[in-house]
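*Asks:* Protein chains in written order, with the numbering used here: chain U, 37 to 337; chain G, 37 to 337; chain R, 2 to 268; chain V, 2 to 268.
Glycine included, C-beta positions come from ideal geometry on N, C-alpha and C.
Attaching a single structure in structure tokens format; questions to follow.
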Ligand SMILES: Cc1cc2nc3c(=O)[nH]c(=O)nc-3n(C[C@H](O)[C@H](O)[C@H](O)COP(=O)(O)OP(=O)(O)OC[C@H]3O[C@@H](n4cnc5c(N)ncnc54)[C@H](O)[C@@H]3O)c2cc1C
Ligand SMILES: Cc1cc2nc3c(=O)[nH]c(=O)nc-3n(C[C@H](O)[C@H](O)[C@H](O)COP(=O)(O)OP(=O)(O)OC[C@H]3O[C@@H](n4cnc5c(N)ncnc54)[C@H](O)[C@@H]3O)c2cc1C
Ligand SMILES: Cc1cc2nc3c(=O)[nH]c(=O)nc-3n(C[C@H](O)[C@H](O)[C@H](O)COP(=O)(O)O)c2cc1C
Ligand SMILES: Cc1cc2nc3c(=O)[nH]c(=O)nc-3n(C[C@H](O)[C@H](O)[C@H](O)COP(=O)(O)O)c2cc1C
Ligand code: FES
Ligand code: FES
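Printed below as a string of structure tokens:
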């Protein structure tokens with residue numbers, strides 16, 4: 037009852053390990069798959085090795101997580117062993133990529149595409165070094181430019197554009213990405229925030245600002261998914277605040293065809309995928325749904 | 037130890053009743069003052085009577101409130117009795133105003149200014165009907181235009197520009213408002229979100245989308261205040277997720293000179309102001325602070 | 002509190018225009034507390050809880066758009082519920098009490114009457130309605146004390162106002178408390194009578210509501226919030242109210258006369 | 002968990018290079034659990050909790066940038082603490098046990114040893130250090146069982162490796178469990194010896210950490226997460242590990258040899 041497909045890729049269930057969570061090694065991605073994820077995403081791959089920010093980089097606050105990992109990546113060149121080991125992954129693998137400018141995106145996309153991941157996800161929620169550090173995903177033209185360049189680079193492989201909720205007009209960005217060739221939209225990346233420890237009199241994250249995820253951002257995700265669903269025809273990978281079957285169903289009713297889970301791994305453990313799936317099945321049985329596809333966007337009716 | 041001033045207006049303490057909360061009548065504003073608010077804000081006043089959206093308009097979700105009241109207002113023309121009754125208000129009164137275009141803002145500002153409120157707050161977090169419904173506060177030029185027009189209209193009365201966290205570049209907006217004549221910045225208004233009831237298969241708010249406030253948005257407020265503090269010289273009225281003394285101190289350490297409280301009234305009751313103040317005093321005593329002004333922005337040091 | 006969808010277990014036709022909807026929802030509602038009832042895509046309105054525990058229910062009179070939609074619901078359908086909200090009746094010390102209910106005002110008073118009966122309180126009930134078959138909860142209220150019925154058309158009980166009966170009762174008897182609910186003009190008269198005869202009263206008031214939790218300021222009567230400080234208010238509070246019986250706020254927060262408010266409600 | 006600023010109640014100089022910081026913070030830490038210690042604007046690093054309840058403490062060896070800053074702290078200063086995290090030692094059934102500690106590796110083993118002593122477990126302790134006065138917790142460990150000391154320079158106890166002592170012990174005796182903590186090459190040897198002599202072991206492993214709660218994937222050893230599944234691992238797990246003793250991840254998540262990892266740690 038949970039079988040579905042996303043960008044023509046068959047999924048045993050609609051839960052997807054979100055990028056940046058556990059995705060540092062093939063072994064961990066496979067472990068997530070064994071714990072029920074319908075697909076898994078590699079932590080965003082950049083053009084070269086990057087350490088990211090200093091600790092503290094991630095911690096739990098009262099209503100979710102906040103992180104400023106800083107896109108740490110070994111870089112696409114150093115990943116042969118990862119790709120090799122991923123051949124044993126029992127579920128589709130999504131490769132998330134990023135770059136500081138269009139050229140870097142193309143470079144990473146071309147090389148990652150050679151490894152034939154099931155899907156490529158372009159994380160356009162990162163700062164664009166050319167446009168004065170403004171975030172790609174906050175600008176319609178910059179988003180379209182990246183997505184059309186990456187789409188050329190990945191060819192037949194389905195491409196997801198991962199958007200930031202910081203865009204005041206996320207539906208417009210999604211439409212521009214669709215027109216530029218994206219096969220799906222992923223929403224949302226984290227919401228910008230900061231936590232200060234008042235006794236330390238300092239922001240807790242070493243990078244000071246970070247991205248909020250987990251329970252507190254779920255309504256932001258629902259709103260973004262809702263708006264995107266009304267704006268585009270391509271499917272949506274809904275992400276943000278999911279750690280129960282009810283959460284996943286809420287995002288699907290808003291318009292998501294599949295559900296990314298990140299912080300849920302912290303709140304419920306690595307078997308969050310299994311838990312979410314069995315809670316979804318239970319709810320669907322009680323509420324008369326035979327297939328998970330029937331849930332997609334029904335709150336719009 | 038909590039006495040301070042904001043825009044040269046003396047406050048017995050830095051807590052301020054935020055706009056839209058209880059601010060429908062002079063009696064309720066006075067009640068908030070009697071319950072410890074250092075200043076009180078009238079619910080945003082528009083150019084004409086406006087009912088706002090249908091119910092449900094406000095409810096509590098797991099980590100805060102969400103509302104789509106829809107800027108209901110009796111309109112500035114119908115408020116003689118309110119102004120008359122407010123003469124008995126024991127604390128400074130802030131008049132929040134809005135309009136759908138610059139002309140409406142000027143009209144409301146001029147008329148409200150005649151009543152000599154201690155401060156005027158321009159709520160530029162609402163959609164701009166001229167610029168295709170885009171929110172004023174997301175656009176640098178639109179923000180500057182409104183603020184400079186309103187500043188002319190209110191003359192000597194200090195003017196606060198109330199910003200939306202939806203702006204991807206809130207510090208730039210704040211700078212533009214400062215340059216346009218704003219005497220202070222208020223941050224933040226609510227964060228856009230949506231909650232779906234999956235059994236009803238519908239968004240709960242009748243207007244579907246709404247604004248998140250309360251505990252979940254505090255880190256968003258802290259981040260915005262932090263960025264604005266580094267960008268402008270004028271004082272900041274920090275608002276978002278405050279319902280304890282620790283919350284208030286966190287926003288002040290980020291750079292706020294005074295603290296707005298909205299949803300805290302729901303979570304802690306109308307005496308939230310007294311509670312926050314006594315918790316602040318307790319913390320300040322334990323941590324060696326003699327005056328609340330010393331807290332402003334210290335996390336930047 | 003996020004609205005919870007509650008299945009309608011049973012619908013009881015109380016009078017030609019009034020139905021009770023029993024809900025598949027457990028609450029700890031006390032007499033006088035209310036809930037917000039939500040019909041998705043229609044509206045959300047406050048209703049007294051007329052049952053508690055696993056008997057949780059609301060009792061609705063068909064009046065306008067919202068209640069018409071409510072009356073289209075069948076057993077097995079669901080409605081959204083937020084609540085219980087508000088402060089209920091304070092009936093701790095009462096030994097000798099009187100209840101005055103006008104029309105649908107009997108709704109919050111039923112649970113109270115049954116609670117008072119359990120505590121062996123000596124109870125007089127004055128129940129008024131437009132016409133005989135519209136007397137809400139007549140039978141159940143009868144079981145809780147001595148009942149006096151008034152109707153506008155005289156088709157049942159005495160022709161006339163509940164307040165005339167109340168006046169006669171107050172002349173003869175001393176009540177620890179008079180509990181009232183009904184149209185505000187009736188409540189104004191109840192209060193005047195209680196003041197005249199030196200009886201404490203508690204009145205269940207009504208205003209248009211949005212948040213139901215005391216932050217939006219929509220339901221204000223002077224500095225009191227009907228949703229949070231009420232909906233039940235005591236004589237000590239009512240004595241200070243300037244708006245009671247006179248003014249209420251429209252949805253725009255414009256304060257108008259009760260007449261104008263009623264006209265707006267009819268739109 | 003948000004870091005809580007904890008005041009340093011007391012600083013104990015354990016050896017010339019090692020200090021214990023007693024914190025004004027109550028935890029329910031179990032032997033082998035750790036916390037993240039935060040120095041604002043400097044860094045945040047994992048440290049074993051060497052005390053629990055109101056004796057909560059961390060024991061720190063001065064090594065690099067972070068620990069140098071720690072050593073500048075005085076009593077009364079504060080540090081940020083997140084924790085306890087991880088799974089500690091599983092010592093439920095042990096009757097006859099051995100502890101092998103190399104250098105600062107004695108830190109997580111002290112609380113364990115004291116706990117085992119309380120349960121009357123027959124305990125042998127092998128404690129190794131560079132030199133005699135660097136033997137961490139020598140006195141307190143002595144009170145918990147029979148102690149064997151080894152030093153690199155022979156200034157105290159036997160000159161040589163802890164693992165040579167362990168081998169001799171295993172030849173003579175059957176342990177329910179061997180508990181180990183120290184440099185990974187030492188732990189590899191401890192594991193080999195245990196496997197050879199058919200003894201179960203539990204080893205406290207170390208990797209660079211970020212989240213400490215099992216979501217960032219930084220501390221991976223194959224599919225295990227040191228922060229969440231460990232830091233203590235059992236023989237059944239260690240047998241399946243391919244990276245143990247061989248590979249670790251840099252901050253970029255690049256997997257490198259332990260040599261390269263150690264070089265990076267020295268930067
Ligand atoms: C605390 C509280 C408890 C309540 N409990 C109940 C209850 O138990 N049962 C119940 O049926 N209703 C109750 N109400 C009233 C209920 O919330 C609705 O207002 C009512 O059912 C009318 O709903 P409607 O939308 O169908 O009618 P509307 O479309 O709002 O109005 C239709 C008709 O009702 C009249 N009307 C409605 N409200 C008023 C008013 N305040 N003053 C004058 N005329 C009015 C109008 O004049 C009009 O003729 C309660 C209200 C409050 C505040
Ligand atoms: C679960 C866990 C528990 C820990 N408990 C303790 C504890 O109780 N007490 C304690 O002092 N430390 C403990 N550590 C180690 C601690 O987190 C720091 O890594 C250590 O204190 C070094 O910190 P530094 O920043 O001062 O040194 P760095 O600047 O990181 O390094 C300085 C020196 O330390 C050496 N070094 C550090 N880590 C390694 C390594 N993994 N491999 C090889 N060489 C290394 C470097 O070669 C270099 O010479 C623990 C680590 C983990 C994961
Ligand atoms: C620790 C952490 C690291 C993340 N790293 C990335 C990343 O590298 N690339 C990316 O596109 N999103 C990254 N994200 C965002 C998540 O993929 C996800 O969009 C977000 O956390 C919201 O989902 P959640 O509430 O389920 O966590 C990261 C999130 C967290 C918590
Ligand atoms: C019910 C409600 C109504 C509001 N109405 C207004 C308004 O009319 N004008 C305005 O500028 N802000 C309005 N706000 C925003 C608040 O003033 C405040 O900026 C926001 O709620 C964040 O603060 P909080 O977390 O303390 O509630 C409203 C908020 C709520 C919850
Ligand atoms: S309904 Fe909002 S304050 Fe009463
Ligand atoms: S440190 Fe993040 S998973 Fe272990």
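Taking the Cβ atom as the reference point for each residue, do residue 117 (chain V) and residue 124 (chain V) lie within a distance shorter than 8 angstroms?
*Replies:* Taking the first residue of the fourth chain as 1, we reach residue 117 (chain V) at position 116. Taking the first residue of the fourth chain as 1, we reach residue 124 (chain V) at position 123. For residue 117 (chain V) and residue 124 (chain V), yes; Cβs fall inside 8 angstroms.
*Asks:* For residue 206 (chain R) versus residue 162 (chain R), is the C-beta spacing smaller than 8 angstroms?
*Replies:* For this step, residue 206 (chain R) is matched to residue 205 along the third chain. For this step, residue 162 (chain R) is matched to residue 161 along the third chain. Taking 8 angstroms as the Cβ cut-off, residue 206 (chain R) and residue 162 (chain R) do not qualify as a contacting pair.
*Asks:* Please say whether residue 91 (chain U) and residue 46 (chain V) have beta carbons closer to each other than 8 angstroms?
*Replies:* Here residue 46 (chain V) refers to the residue found at position 45 when the fourth chain is read from its first residue. Here residue 91 (chain U) refers to the residue found at position 55 when the first chain is read from its first residue. Yes, the Cβ-Cβ distance between residue 46 (chain V) and residue 91 (chain U) is below 8 angstroms.
*Asks:* Whose Cβ in chain G lies nearer than 7 angstroms to the Cβ of residue 212 (chain R)?
*Replies:* The residue labelled residue 212 (chain R) in the question sits at position 211 within the third chain. Within chain G, the residues near residue 212 (chain R) are 94.
*Asks:* Cβ of residue 206 (chain R) within 7 angstroms of any heavy atom in ligand 5?
*Replies:* To locate residue 206 (chain R), count along the third chain from 1; it is residue 205. It does not: the Cβ of residue 206 (chain R) is nowhere closer than 7 angstroms to a heavy atom of ligand 5.
*Asks:* Hey, is residue 99 (chain G)'s beta-carbon within less than 8 angstroms of any beta-carbon in chain R?
*Replies:* Taking the first residue of the second chain as position 1, residue 99 (chain G) is located at position 63. So, not an interface residue.
*Asks:* Within 10 angstroms of its Cβ, does residue 164 (chain U) collect 16 or more other Cβ (buried), or is it exposed?
*Replies:* Along the first chain, one-based indexing puts residue 164 (chain U) at 128. Residue 164 (chain U) comes out buried.
*Asks:* Between residue 8 (chain V) and residue 25 (chain V), is the Cβ-Cβ spacing less than 8 angstroms?
*Replies:* Position 7 of the fourth chain, counted from the first residue, corresponds to residue 8 (chain V). Position 24 of the fourth chain, counted from the first residue, corresponds to residue 25 (chain V). The answer is yes: Cβ separation under 8 angstroms.
*Asks:* Can you list, in chain order, the residues of its chain whose CB lies under 6 angstroms from that of residue 251 (chain U), leaving out five sequence neighbours each side?
*Replies:* By 1-based counting over the first chain, the position of residue 251 (chain U) is 215. Cβ within range, chain order: 99, 100 and 277.
*Asks:* Between the region 182-196 of chain U and the region 223-243 of chain U, do three or more beta carbon pairs fall short of 8 angstroms?
*Replies:* Judged by Cβ distances under 8 angstroms, the region 182-196 of chain U makes no contact with the region 223-243 of chain U, as fewer than three pairs qualify.
*Asks:* Quick one: list the residues of chain V neighbouring residue 147 (chain U), beta-carbon separation under 7 angstroms, in chain order.
*Replies:* Here residue 147 (chain U) is taken as the residue at index 111 of the first chain, counted from 1. Within 7 angstroms Cβ-Cβ: nothing; residue 147 (chain U) doesn't reach chain V, min ~16 angstroms.
*Asks:* Find the residues of chain G that neighbour residue 259 (chain U), judging by a C-beta separation of less than 8 angstroms, and give them in chain order.
*Replies:* The residue you call residue 259 (chain U) lines up with position 223 of the first chain. Result: 228, 229, 230 and 245.
*Asks:* When you compare each of V:61, V:225, V:148 and V:156 to residue 18 (chain V) by their alpha carbons, which one comes out closest?
*Replies:* Within the fourth chain, numbered from 1, the residue matching residue 18 (chain V) stands at position 17. Among V:61, V:225, V:148 and V:156, the Cα nearest to that of residue 18 (chain V) belongs to V:61.
*Asks:* Could you check which residue in R:5, R:52, R:164 and R:53 has the C-alpha nearest to that of residue 273 (chain R)?
*Replies:* Missing from the structure shown is residue 273 (chain R); chain R here goes from 2 to 268 and no further.
*Asks:* So is residue 96 (chain U) buried or exposed if we call it buried at 16+ other beta carbons inside 10 Å?
*Replies:* As a first step, residue 96 (chain U) is located in the first chain; it is residue number 60 there, counting from the start. Burial call: buried.
*Asks:* Threshold first: 4 residues or longer. Then list the alpha helix (DSSP H) segments lying entirely within the region 187-220 of chain G, N to C.
*Replies:* Entirely contained in the region 187-220 of chain G, the alpha helix (DSSP H) runs reaching 4 residues are, in chain order, 206-215.
*Asks:* Applying the criterion that 16 or more other CB atoms from any shown protein chain within 10 Å of the CB defines a buried residue, is residue 310 (chain V) buried or exposed?
*Replies:* This structure cannot speak to residue 310 (chain V), because chain V is shown only from 2 to 268.
*Asks:* What are the partner residues of residue 250 (chain V), as DSSP defines its beta bridges?
*Replies:* Here residue 250 (chain V) is taken as the residue at index 249 of the fourth chain, counted from 1. Answer is V:256.
*Asks:* What whole-angstrom Cβ distance do residue 247 (chain V) and residue 236 (chain V) have, given they're in contact under 8 angstroms?
*Replies:* Locating residue 247 (chain V) in the fourth chain gives position 246, counting from the first residue. Locating residue 236 (chain V) in the fourth chain gives position 235, counting from the first residue. Going by Cβ atoms, the distance from residue 247 (chain V) to residue 236 (chain V) rounds to 18 angstroms, so no, they are not a contact pair.
*Asks:* At the level of alpha carbons, what is the spacing between residue 58 (chain G) and residue 295 (chain G)?
*Replies:* Within the second chain, numbered from 1, the residue matching residue 58 (chain G) stands at position 22. Within the second chain, numbered from 1, the residue matching residue 295 (chain G) stands at position 259. Between residue 58 (chain G) and residue 295 (chain G), the C-alpha separation is close to 16 angstroms.
*Asks:* Residue 44 (chain V) bridges to which residues according to DSSP?
*Replies:* Walking along the fourth chain from the start, residue 44 (chain V) turns up at place 43. V:40, per the DSSP bridge assignment.
*Asks:* According to DSSP, simplified to helix, strand and coil, what is residue 290 (chain U)?
*Replies:* By 1-based counting over the first chain, the position of residue 290 (chain U) is 254. It is helical.
*Asks:* With a threshold of 7 angstroms on Cβ separation, who are the neighbours of residue 280 (chain G) within its own chain once the five nearest residues in sequence on each side are excluded?
*Replies:* Within the second chain, residue 280 (chain G) is the residue found at index 244, counting from 1. Only 312 and 315 meet the Cβ criterion.
*Asks:* By Cβ distance, which residues of its chain are closer than 8 angstroms to residue 84 (chain V), with the 5 residues on each side in sequence left out?
*Replies:* The residue labelled residue 84 (chain V) in the question sits at position 83 within the fourth chain. So the qualifying residues of the chain are 2, 28, 30, 34, 35, 36, 37, 50 and 213.
*Asks:* For residue 210 (chain V), which option in V:201, V:203, V:200 and V:227 has the closest C-alpha, if you only look at C-alpha atoms?
*Replies:* Counted from its first residue, the fourth chain places residue 210 (chain V) at position 209. The option with the nearest alpha carbon to residue 210 (chain V) is V:227.
*Asks:* Hey, out of G:237, G:127 and G:211, whose CA is closest to residue 178 (chain G)'s CA?
*Replies:* Residue numbering aside, residue 178 (chain G) sits at position 142 when the second chain is read from its first letter. Of the listed residues, the one whose Cα sits closest to residue 178 (chain G) is G:211.
*Asks:* Compare the C-alpha of residue 124 (chain U) against each of U:64, U:183, U:173 and U:145 and name the closest.
*Replies:* If you number the first chain from 1, residue 124 (chain U) lands on position 88. Taking only the C-alpha atoms, the option nearest residue 124 (chain U) is U:64.
*Asks:* Identify every residue that forms a DSSP beta bridge with residue 96 (chain G).
*Replies:* In the second chain, counting from the first residue as 1, residue 96 (chain G) sits at position 60. Paired residues: G:101.
*Asks:* Starting from residue 60 (chain R), trace the beta strand (DSSP E) both ways and give me its first and last residue.
*Replies:* Taking the first residue of the third chain as 1, we reach residue 60 (chain R) at position 59. Where residue 60 (chain R) is concerned, the enclosing beta strand (DSSP E) stretches over 58-62.
*Asks:* Comparing C-alpha positions only, which one of V:104, V:217 and V:16 sits nearest to residue 188 (chain V)?
*Replies:* The count along the fourth chain starts at 1 and reaches residue 188 (chain V) at position 187. For residue 188 (chain V), the nearest C-alpha among the options comes from V:104.
*Asks:* Could you give the residue range of the alpha helix (DSSP H) that holds residue 300 (chain U)?
*Replies:* Taking the first residue of the first chain as 1, we reach residue 300 (chain U) at position 264. 300-304 is the extent of the alpha helix (DSSP H) around residue 300 (chain U).
*Asks:* Can you check which of these residues, V:215, V:244, V:243 and V:80, is closest to residue 231 (chain V) by C-alpha distance?
*Replies:* On the fourth chain, position 230 is the one that residue 231 (chain V) refers to. Taking only the C-alpha atoms, the option nearest residue 231 (chain V) is V:215.
*Asks:* Is residue 125 (chain G) close to ligand 2? I mean its beta-carbon at under 7 angstroms from any heavy atom of the ligand.
*Replies:* Here residue 125 (chain G) refers to the residue found at position 89 of the second chain. Residue 125 (chain G): no, Cβ never under 7 angstroms from ligand 2.
*Asks:* By the three-class DSSP mapping on this structure, what secondary structure does residue 170 (chain U) have?
*Replies:* On the first chain, residue 170 (chain U) is found 134 positions in, with the first residue counted as 1. Three-state DSSP puts residue 170 (chain U) in coil, outside helix and strand.
*Asks:* What is the C-beta distance between residue 75 (chain G) and residue 81 (chain R), in whole angstroms, given that I count them as a contact (C-beta under 8 angstroms)?
*Replies:* For this step, residue 75 (chain G) is matched to residue 39 along the second chain. For this step, residue 81 (chain R) is matched to residue 80 along the third chain. Contact doesn't hold; Cβ gap of about 37 angstroms is too wide.
*Asks:* With 8 angstroms as the limit, tell me which residues of the region 76-99 of chain R have their beta carbon closer than that to any beta carbon of chain G; keep them in chain order.
*Replies:* Within the region 76-99 of chain R, the residues whose Cβ lies closer than 8 angstroms to some Cβ of chain G are 79, 81 and 83, listed in chain order.
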